[in-house]
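Going down the list, the sequences are from chains L and A. Just so we're aligned, residue 2 is where the first sequence starts under the numbering used here, counting upward by one. Just so we're aligned, residue 208 is where the second sequence starts under the numbering used here, counting upward by one.
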Amino acid sequence: MADLNPTVWTRKDLIGIEDLSREEIELVLDTAPQFVAVSKRESGIKKVPLLQGRLVVNWFHEPSTRTRTSFELAAKRLSADTLGITVAASSSVKGETLHDTLANIEAMHSDVIVIRHSCAGAPHILAANHDSHIINAGDGRHEHPTQALLDTFTMREHIRAQRNDPTAGLDGVKVAIIGDIEHSRVARSDIWALNKLGARVTLCGPSTLLPMHIERMGVRVTTNLKDAISDADVIYALRIQLERQQKGLFPSIREYIRLFRIDNDSLRNAPAHALIMHPGPINRDLELASEVADGPRSVILEQVSNGVAVRMAVMHLLVNFGGKRPQGVA
Amino acid sequence: MSLAIVNGHVIEPTLGLSEPMDLLIDHGVLVKMGKNLRGDETIDAAGCVVCPGLVDIHVHFREPGYESKETIASGSRAAAKGGVTTVVTMANTNPVIDNAGMVEFIVRRARETACIKIRPAACATKGMKGEEITEMAELKEVGAVAVSDDGRDVTSSAVMRRVLQYADMAGLVCMSHNEDETLAEGGSMNEGFNSTILGIPGIPKAAEEIRIDRNIRLAELTGARLHIQHVTSAEGVQLVRRAKAKGLCVTCETAPHYWMLTDDAVKTFNSNAKMNPPLREPEDVKAIIEGIKDGTIDCIATDHAPHTPTEKAVEFALAPFGIIGLETSLALVITGLVEKGHLSLERAIALMTTAPSQICDLNAGILVEGGPADVAVFDPNAEWVVKAEEFASRSKNSPFLGMTLRGKVKCTICDGNVVYFAS
């Protein structure tokens, strides 16, 4: 294992990127490579005993395949026991409160709770009131911190390779995030992480999907795709939910494609080295053309691979170095 | 048996009194105000202000239908603890208060269980559906003092026009909840930078302002009296200011949380910072205080809206709107307005007694010889910490828990009875 200095890590939970320091983010990114290596071992034995005997509960109140699988795999590769609680089988439909459900899970001596919830703040209110390590796997439109960590990790790996500098960071790197910013927790967490790491973020999407005062987060905002990507080192396309169009937030899929799709045509305005990223799942040929998603600039599947390693790093830090719930907190 | 309140400093807004004085109470009546009064029993109010029992024209006592949140009995005890002796209860109970029988039910329950005066508001429209106006003349006869569909606005402008016209004929003030439902739909907090970073769907100020504007225009069209409930935004205050300058019969209220807090209070996802209309931004707080100072805002009302701890201990978006306010309102007026130098104590008391009383023609909030002995005694300098376990309300949903406030009620008297006495 690499010789890292985890003393900067004192957190019990990972709730959001907003309150992380640059040092904490960098510690996660620096901890991740050893776990990338675990998954690529020649022996084929992709497992380390760092969470042996621990119980990791994946508690998902929203449908998710990618994130849930990634967390489950990360826990298993750390030798933890895993338990999955999904929406259909959960108690929330039976009227049980979030706190009661978690108290019941904790009565079975859980160590880590990975929670996804459609309401912003759900992981936050749980973390303040329970002893398990809480990891936010996406809460409403609020935050998706592990996504931002795997995204910035993936960006950093490529910038280091492109510049042939194994210590390069994201300072000055230009990232354009395109699409439905309003409803995107990925965008919010990525903005926090990228800003803290010194990158320069431009947001672009239909005016109806840009939330009020988003520029006050310290980002450039434009509705012109060409303008957004003309100097981008990274182009990050967000998923467009089809129900947004049905709710009248933009007039038609056709017009969205005309104005905002990342395809070979629109990419003529972007630098040749620009990476293409997407949090998945892709609406193929809607926000991202197949030719680009499957093309040489796309690092979308690497994001998925890195996701497992970054989540291993997060669980390792929380369980083996993290703090406890402060006493007396209501 | 007579009761003397001695050594206090009496503030009585209608008479413009603010001086050391004693009160003598006998058989529920304030028989004398003067110097050196003696009674069979004595309350020593040294260091305290003695004023008319406070009046709150916007409370939700939840009975009938939601008695686990509050009842007329528990709500009245909360009021008494806050120095309040007269309240106007809102009609969005279950069933709603939209007919004479329901108003009579409230009046009867008040007589049987309340320790203070309960004056019901009735619905403006039947079933609170915003379609047909209620039988306002009869509602008034049996005790309603206002009509309001509070909790929602009357969507149809045509219906709202009829409500205003008819209420005016019936001699009732219409109190409007101002909210464009299509703009507010799905929102849980003020729309602004905080809602953007928290990812909580927002309610724009325009949702409130559009309807304040509409309701004022309908008041102008009909010449009717209109009372605008819970004004929260700078532009909302400005709309009322303009209406008053035009000479329209428009009044408005605001609640203590709208000058004490901003939407920063939502940053911890505290569901006790969730109410409708939502907490706004610093420039709005400034305008609310300005509106109170220049008289644009006529009175303070709490929108006391109890919800049980279980109902509030959920995800922010799923939590019900509303906070309790009766037991903290006087202290928040003193702490947030008087101590900060925005208002004199005399003017503050007027905003919590005579001013709200006049809006609903309650004939309350006044100290007069021969009148009912409704009195509040409070220490304007005493500091206290807001604690959940000390609320008399059945609910504890206050965003001020843990906060140190100045101004503590020592004793509340309603119709000559001591209904609250600080131990």
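Glycine included, every Cβ here is placed at the ideal spot set by N, Cα and C. Here the structure is a predicted model, which means the values were calculated and not measured.
Discussion item. Any beta carbon from chain L within less than 9 angstroms of Ala642 of chain A's own beta carbon?
Written reply: Past the edges of chain A, shown from 208 to 630, lies residue 642 of chain A, and the structure says nothing about it.
Practice prompt. State the DSSP-derived secondary structure class of Ser267 of chain L, mapped to helix, strand or coil.
Written response: Locating residue 267 of chain L in the first sequence gives position 266, counting from the first residue. Helix, per DSSP.
Discussion item. Check whether the region 395-413 of chain A and the region 492-511 of chain A touch, using three or more Cβ-Cβ pairs below 8 angstroms as the test.
Written reply: Output reads no: the region 492-511 of chain A does not touch the region 395-413 of chain A.
Discussion item. What ranges does the alpha helix (DSSP H) occupy inside the region 458-497 of chain A, keeping only unbroken runs of at least 4 residues that lie completely in it?
Written reply: 464-467
Practice prompt. Identify the contact partners of Thr98 of chain L in chain A, using a Cβ-Cβ distance below 8 angstroms as the criterion.
Written response: If you number the first sequence from 1, residue 98 of chain L lands on position 97. Neighbours of Thr98 of chain L on chain A, chain order: Thr517, Ala520, Val521.
Discussion item. Below 8 angstroms on C-beta distance, what does Ile407 of chain A contact in chain L?
Written reply: Position 200 of the second sequence, counting from 1, holds the residue named residue 407 of chain A. Here the neighbours are Ala121, Gly122, Gly141, Arg142, His143.
Discussion item. Alpha carbons only, please: which of L:Ala138, L:Leu103, L:Met109, L:Arg42 is nearest the one belonging to Asn130 of chain L?
Written reply: Taking the first sequence and counting its residues from 1, the one referred to as residue 130 of chain L is at position 129. It is L:Leu103 whose Cα lies nearest to the Cα of Asn130 of chain L.
Worksheet item: Terminal residues of the continuous beta strand (DSSP E) containing Phe628 of chain A?
Response: Counting from one through the second sequence, the residue named residue 628 of chain A turns up at place 421. Unbroken beta strand (DSSP E) run through Phe628 of chain A: 624-628.
Item to complete: For my contact list, Asp14 of chain L and Ala188 of chain L are in at a C-beta cut-off of 8 angstroms; report their separation, rounded to the angstrom.
Response: Here residue 14 of chain L corresponds to residue number 13 of the first sequence, with the count starting at 1. Here residue 188 of chain L corresponds to residue number 187 of the first sequence, with the count starting at 1. The pair is not a contact, with the Cβ atoms about 22 angstroms apart (cut-off 8 angstroms).
Worksheet item: To which residues does DSSP link Thr619 of chain A through a beta bridge?
Response: In the second sequence, the residue the question calls residue 619 of chain A occupies position 412. Paired residues: A:Ala583, A:Tyr627.
Worksheet entry | Distance between Leu550 of chain A and Ala314 of chain L (C-alpha atoms, nearest Å) | Start at 1 with the first residue of the first sequence, and residue 314 of chain L comes out as number 313. Start at 1 with the first residue of the second sequence, and residue 550 of chain A comes out as number 343. One C-alpha to the other measures close to 57 angstroms.
Discussion item. Starting from Met313 of chain L, trace the alpha helix (DSSP H) in both directions and tell me its first and last residue.
Written reply: Start at 1 with the first residue of the first sequence, and residue 313 of chain L comes out as number 312. First-last of the alpha helix (DSSP H) with Met313 of chain L: 301-322.
Item to complete: Can you grab the Cα-Cα spacing for the pair Phe476 of chain A / Gly122 of chain L, in whole Å?
Response: For the purposes of this step, residue 476 of chain A is taken as residue 269 along the second sequence, with counting starting at 1. For the purposes of this step, residue 122 of chain L is taken as residue 121 along the first sequence, with counting starting at 1. Spanning the two alpha carbons is a distance of roughly 6 angstroms.
Practice prompt. Please classify Pro463 of chain A: is it buried, with 16 or more other beta-carbons within 10 angstroms of its beta-carbon, or exposed?
Written response: Here residue 463 of chain A refers to the residue found at position 256 of the second sequence. Pro463 of chain A comes out buried.
Practice prompt. Identify whether Asn196 of chain L lies in helix, strand or coil by the three-state DSSP scheme.
Written response: For the purposes of this step, residue 196 of chain L is taken as the residue at position 195 of the first sequence. Of the three classes helix, strand and coil, the one that applies to Asn196 of chain L here is helix, per DSSP.
Item to complete: Could you confirm whether any beta carbon from chain L is found closer than 9 angstroms to the beta carbon of Pro484 of chain A?
Response: Within the second sequence, residue 484 of chain A is the residue found at index 277, counting from 1. It does not: the Cβ of Pro484 of chain A has no partner Cβ on chain L nearer than 9 angstroms.
Worksheet entry | Closer than 9 angstroms to chain A by CB, Glu43 of chain L | Locating residue 43 of chain L in the first sequence gives position 42, counting from the first residue. At least 9 angstroms separates the CB of Glu43 of chain L from every CB of chain A.
Worksheet item: So the beta strand (DSSP E) Phe61 of chain L belongs to, where does it begin and stop?
Response: Start at 1 with the first residue of the first sequence, and residue 61 of chain L comes out as number 60. In the DSSP assignment, Phe61 of chain L falls within the beta strand (DSSP E) that extends over 56-61.
Fill in: Residues of its chain near Arg78 of chain L, where Cβ-Cβ distance is below 8 angstroms and the 5 sequence neighbours each way are ignored
What you label residue 78 of chain L is simply residue 77 of the first sequence in a count that begins at 1. Closer than 8 angstroms at the Cβ level, and outside the excluded window around Arg78 of chain L, lie Phe36, Val39, Ser40, Lys47, Lys48, Val49, Val309, Met313.
Worksheet item: According to DSSP, which residues form a beta bridge with His184 of chain L?
Response: For this step, residue 184 of chain L is matched to residue 183 along the first sequence. DSSP, once it has assigned bridges, lists no residue as partnering His184 of chain L.
Practice prompt. Go through its chain and collect everything with a Cβ distance to Asp232 of chain L's Cβ below 6 angstroms, but skip five positions before and after it.
Written response: For the purposes of this step, residue 232 of chain L is taken as residue 231 along the first sequence, with counting starting at 1. Excluding positions up to five away in sequence, the list reads Lys175.
Worksheet item: Whose Cβ in chain A lies nearer than 9 angstroms to the Cβ of Arg12 of chain L?
Response: On the first sequence, residue 12 of chain L is found 11 positions in, with the first residue counted as 1. Correct list: empty, because the minimum Cβ distance to chain A is about 17 angstroms.
Worksheet item: Name the DSSP beta bridge partners of Gly409 of chain A, please?
Response: Here residue 409 of chain A is taken as the residue at index 202 of the second sequence, counted from 1. Per DSSP, A:Met396.
Discussion item. For the pair the region 516-533 of chain A and the region 578-585 of chain A, tell me if three or more CB-CB distances fall below 8 angstroms.
Written reply: no
Item to complete: Have a look at the DSSP bridge pairing and note the partners of Gly215 of chain A.
Response: Position 8 of the second sequence, counted from the start, is the residue given in the question as residue 215 of chain A. Answer is A:Met228.
Worksheet item: Using a Cβ-Cβ distance under 9 angstroms, would Ile126 of chain L count as near chain A?
Response: The residue labelled residue 126 of chain L in the question sits at position 125 within the first sequence. Taking 9 angstroms as the threshold, the shortest C-beta distance from Ile126 of chain L to chain A falls below it.
Worksheet item: Whose Cβ in chain A lies nearer than 7 angstroms to the Cβ of Ile215 of chain L?
Response: Position 214 of the first sequence, counted from the start, is the residue given in the question as residue 215 of chain L. Neighbours of Ile215 of chain L across chain A, judged by C-beta separation under 7 angstroms: Thr403.
Item to complete: From the DSSP output, in three-state form, read off Gly443 of chain A for me.
Response: Within the second sequence, numbered from 1, the residue matching residue 443 of chain A stands at position 236. Three-state DSSP puts Gly443 of chain A in a helix.
Practice prompt. Can you tell me which of the three DSSP states Val257 of chain A falls into?
Written response: Taking the first residue of the second sequence as 1, we reach residue 257 of chain A at position 50. If DSSP states are grouped into helix, strand and coil, Val257 of chain A belongs with the strands.
Discussion item. Check whether chain L comes within 9 angstroms of Glu398 of chain A, counting only Cβ atoms and requiring the distance to be less than that.
Written reply: Here residue 398 of chain A is taken as the residue at index 191 of the second sequence, counted from 1. By this cut-off, Glu398 of chain A is an interface position.
Discussion item. How far does the beta strand (DSSP E) with Pro124 of chain L in it extend, from its first residue to its last?
Written reply: The residue labelled residue 124 of chain L in the question sits at position 123 within the first sequence. Note, Pro124 of chain L: premise wrong, no beta strand (DSSP E); alpha helix (DSSP H) at 123-128.
Fill in: Rounded distance between the beta-carbons of Ala599 of chain A and Arg284 of chain A, thought under 8 angstroms
Stepping through the second sequence from its first residue, residue 284 of chain A is reached at position 77. Stepping through the second sequence from its first residue, residue 599 of chain A is reached at position 392. With 8 angstroms as the limit, Arg284 of chain A and Ala599 of chain A qualify as a contact, their Cβ atoms being about 4 angstroms apart.
Practice prompt. State yes or no: is the beta carbon of Ala512 of chain A nearer than 9 angstroms to at least one beta carbon in chain L?
Written response: Stepping through the second sequence from its first residue, residue 512 of chain A is reached at position 305. Ala512 of chain A does not count as touching chain L.
Item to complete: Could you tell me if Glu398 of chain A is buried or exposed, where buried requires 16 or more neighbouring beta carbons within 10 angstroms of its beta carbon?
Response: Residue numbering aside, residue 398 of chain A sits at position 191 when the second sequence is read from its first letter. It counts as buried.
Discussion item. As a quick exercise: from A:Thr293, A:Cys618, A:Ile573, pick the residue whose alpha carbon is nearest that of Leu237 of chain A.
Written reply: In the second sequence, residue 237 of chain A corresponds to position 30, counting from 1. Nearest option by C-alpha distance: A:Ile573.
Worksheet item: Relative to chain A, which residues along the region 201-215 of chain L have a C-beta separation below 9 angstroms, given in chain order?
Response: Pro212, Met213, His214, Ile215
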